[in-house]
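Okay, so the sequence shown: first residue is 129 according to our numbering, each after it adds one. Glycine residues also receive a C-beta, built at the ideal position from the N, C-alpha and C atoms. Just so we're clear, the structure is a prediction, and the values are computed from it rather than from any experiment. Worksheet: the structure to be examined is printed underneath.
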Amino acid sequence: MNYLKDAEKAAELAENIVMSYFNKKKIIENKGEVDLVTDADKKAEKKILEFLKIRYPDHGFILEENKNQCEGCEYIWIIDPIDGTTSFAHNYPMFSISIALYKNNKPLAGVVKVPYLNELFTAQKNKGAYLNKKKIRVSKISTLRKSLIATGFPYTRIETDMDNLKYLSKMVKIAGGIRRSGSAAIDMCYVAAGRLDGYWELGLKIMDSAAAILIIKEAGGKVTDFSGIPIENDFSKIVASNSHIHEDLLKILKEGS
């Protein structure tokens, strides 16, 4: 079985659905105070699920828009049909499709498709990371002052005490620049490609970052929680970098705590 090829095909099928809704009227629902879902999210996820279940009937699935189907499964597909739904709902083009395959909680393959830019980020364990079939590596920047850093703001910021502003206020005075795309998967893939040097965010879920974590690692980068511990099961506080500035990022985030 070619897991990566099938993940790429599933992302392509979802992309066709998603882009058929872009710049057009959508049915938009609220999952939380500011967390949205559209009919495109639901249809794209359904298409991905249908495609993969035919090929892998014994595999489990962790889904963004539907009930998980993963109890007792060795292999689990982790799917976010649109990472950046708020952007998509506003016809802002920074959104992505994220699909990852894990075996016994370890990543095997990951795909992040950015439809509007026609960019496909991929990785397989121990086989490197790629953008449109060309190998990518993280940047060599070694100081925060010269670094371009990305972040985001959790959907749960209204209902919980997850406040990114305290970290942002520290980072903006030290980093060379701060950016926000609105898609965690895009930001993390940009670290992998050397377009960004680091990234942090609170309140993420496994669907947002499962594929991108593997892509960063295969590109030579590093991903941990705010304490410097490698990400295993808790995705709520993520720091990703080119490895060279990782300790400096952690220091700033600890100062902001």
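Counted within 10 angstroms of its Cβ, other Cβ atoms place residue i as buried (16 or more) or exposed
i: Asp211; result: buried
i: Ser297; result: exposed
i: Gly305; result: exposed
i: Ser311; result: buried
i: Ser275; result: buried
i: Asn370; result: buried
i: Lys365; result: buried
i: Lys350; result: buried
i: Arg357; result: As written in the sequence, residue 357 is Ile, which differs from the Arg given in the question. Counting Cβ neighbours within 10 Å, Ile357 comes out exposed, since fewer than 16 surround it.
i: Ile380; result: buried
i: Ile269; result: buried
i: Ile190; result: buried
i: Glu192; result: buried
i: Asn361; result: exposed
Residues that residue i bridges to, as DSSP identifies them
i: Asn158; result: Leu164
i: Gly96; result: As displayed, the chain neither begins before 129 nor continues past 385, which places residue 96 out of reach and without an answer.
i: Leu381; result: DSSP, once it has assigned bridges, lists no residue as partnering Leu381.
i: Phe249; result: Val240 and Leu259
i: Glu329; result: Ile366
i: Thr352; result: Pro358 and Val367
Beta-carbon proximity of residue i to residue j, cut-off 8 Å
i: Thr352; j: Ile359; result: yes
i: Ala368; j: Gly322; result: no
i: Ala339; j: Gly238; result: yes
i: Ile145; j: Met335; result: no
i: Ala278; j: Arg307; result: yes
i: Val242; j: Ser226; result: no
i: Thr271; j: Ile373; result: yes
i: Tyr244; j: Pro221; result: yes
i: Leu236; j: Tyr131; result: yes
i: Thr250; j: Phe216; result: no
i: Leu332; j: Phe281; result: no
i: Lys203; j: Lys231; result: The sequence shown places Tyr at residue 203, rather than the Lys named in the question. Taking 8 Å as the Cβ cut-off, Tyr203 and Lys231 qualify as a contacting pair.
i: Ala320; j: Ile264; result: yes
i: Glu375; j: Leu248; result: no
Rounded C-alpha distance that separates residue i from residue j
i: Met129; j: Ile155; result: 37 Å
i: Asn101; j: Ala138; result: With the chain represented from 129 up to 385, any question about residue 101 goes unanswered, as that position is not in the structure.
i: Ile302; j: Glu329; result: 17 Å
i: Ser355; j: Lys382; result: 8 Å
i: Asn219; j: Ile314; result: 16 Å
i: Leu293; j: Asn260; result: 35 Å
i: Phe223; j: Thr213; result: 7 Å
i: Asn233; j: Asp134; result: 20 Å
i: Glu199; j: Pro185; result: 13 Å
i: Gly188; j: Met299; result: 39 Å
i: Ala168; j: Asp291; result: 30 Å
i: Asn254; j: Ile176; result: 25 Å
i: Glu157; j: Ser148; result: 18 Å
i: Met316; j: Leu324; result: 8 Å
i: Arg183; j: Leu377; result: 41 Å
i: Asn246; j: Glu140; result: 10 Å
i: Ala257; j: Lys152; result: 33 Å
i: Lys262; j: Ser309; result: 23 Å
i: Ala172; j: Arg273; result: 40 Å
i: Ser267; j: Tyr295; result: 23 Å
i: Phe179; j: Lys170; result: 14 Å
i: Leu164; j: Ser337; result: 18 Å
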